[in-house]
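Here my numbering is used: the first residue of the sequence shown is 281, the next is one more, and so on. Note that the Cβ used here is the ideal one computed from N, Cα and C, for glycine as well. No experiment lies behind these values; they were computed from the predicted model shown.
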Amino acid sequence: MSFASGLKTIVVATDLDGRAEAALEYARKLAHAYGARIVLAHGLDPLDYASVAAVPGKVLRNLTEQARATLDQMSADLVREGIHSHSEIHQGEVAQMLVDVARQYEAGLIVIGTEGRQGAGPVVVGAIAEQLVRLAPCPVLAVAADYNAGSFRPVPGGPVMLAMERNEATAEAAATACSLAETFHRTLIVVHARKPEQAIAFLNPMATTVKEFGIESEGRFPVRCIVKDGKPGDAMVEAIGQFQPSLLVVGVKRASETPGPHGTAFTLLARSRVPVLCVPPAAGVVAREQETCAGAQF
281 MSFASGLKTI
291 VVATDLDGRA
301 EAALEYARKL
311 AHAYGARIVL
321 AHGLDPLDYA
331 SVAAVPGKVL
341 RNLTEQARAT
351 LDQMSADLVR
361 EGIHSHSEIH
371 QGEVAQMLVD
381 VARQYEAGLI
391 VIGTEGRQGA
401 GPVVVGAIAE
411 QLVRLAPCPV
421 LAVAADYNAG
431 SFRPVPGGPV
441 MLAMERNEAT
451 AEAAATACSL
461 AETFHRTLIV
471 VHARKPEQAI
481 AFLNPMATTV
491 KEFGIESEGR
501 FPVRCIVKDG
511 KPGDAMVEAI
521 GQFQPSLLVV
531 GVKRASETPG
541 PHGTAFTLLA
551 RSRVPVLCVP
561 PAAGVVAREQ
571 ETCAGAQF
């Protein structure tokens, strides 16, 4: 299922004090463009990722009532804009809560907010977003609260950027980036981080990679291909500073092969204010890989 055909429902992680406003703004733009509804999902505190285990019952009830009133108002505002919307309040671990809501409504996208450069917001939510994309049945979009501030403000009509990192999610990420570029009438900038051995041999990996994954706009939107030397995370951060995209799309594997608990997606989420759309492999690709792994066991 393509990004466009699957984006009928968007789940947005919401809070009670406005830190998710940037995430909701992006969700609204996508809902209008793709004709999707928005489900507002609220945990006890989806941006701080607090545990509910030690919260007294009376306090929890008051928080739930406050959340319901706030979410009802937010939902009513969306309906007045012409976006069908309703809300869900759940208790428990936030990543799993969002996955459960996304599965319940067969969502095509989960949108979460980060606290931007202030404090540990990007790092904390980067970890949660990566956990989400390992589990979620759909892409996950992380939007920093201050993505639209100061020198980090996207250029009006800024391009869609695709991090071309070859893995099982590359084809799905490429198709998603093409859909966004065509829908919003933006230039698609495809960035490939070239490995040292490729740079030494003067190889251009983009020449075959772009055609292999079907990135041919046929006049529907402009495409630029950029090759950067260095580690993928560093190369993408440099490209973001150079081109100021409105959105970065990156394909994310279900399991990280990078030493430590996180991969390239975490690096980008932690270091960039630009909204990052993490796209997992298509369901069929995951199933085939699981079958291959199962067949290899003795």
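{"Asked": "Sub-8 angstroms separation of V507 and R551 beta-carbons", "Found": "no"}
{"Asked": "Boundaries of the beta strand (DSSP E) in which A321 is found, first to last residue", "Found": "R317 to H322"}
{"Asked": "Cα-Cα separation, E301 to G521", "Found": "24 angstroms"}
{"Asked": "Close Cβ partners of Y314 (< 6 angstroms) along its chain, the five nearest in sequence each way excluded", "Found": "L287"}
{"Asked": "One or two residues paired with K309 in a DSSP bridge", "Found": "K309 is not bridged to any residue."}
{"Asked": "Cβ-based burial, K309 [other Cβ within 10 Å; buried from 16]", "Found": "exposed"}
{"Asked": "E498 burial status per 10 Å Cβ neighbour count (16 or more: buried)", "Found": "exposed"}
{"Asked": "Alpha carbon of A456 to alpha carbon of V529, nearest angstrom", "Found": "The residue asked about is misnamed: residue 456 is Thr in this sequence, not Ala. One C-alpha to the other measures close to 8 angstroms."}
{"Asked": "Burial state of S459 (16 or more Cβ within 10 Å)", "Found": "buried"}
{"Asked": "Same chain, Cβ closer than 7 angstroms to Q411, neighbours up to 5 away in sequence not counted", "Found": "A375"}
{"Asked": "Sequence-distant residues of the same chain with beta carbon closer than 6 angstroms to M377, five excluded per side", "Found": "G323 and H370"}
{"Asked": "D295 versus R348: straight-line alpha-carbon distance, rounded", "Found": "11 angstroms"}
{"Asked": "Beta-bridge partners of H366, as assigned by DSSP", "Found": "V319"}
{"Asked": "Beta-carbon spacing of A303, V423 below 8 angstroms", "Found": "yes"}
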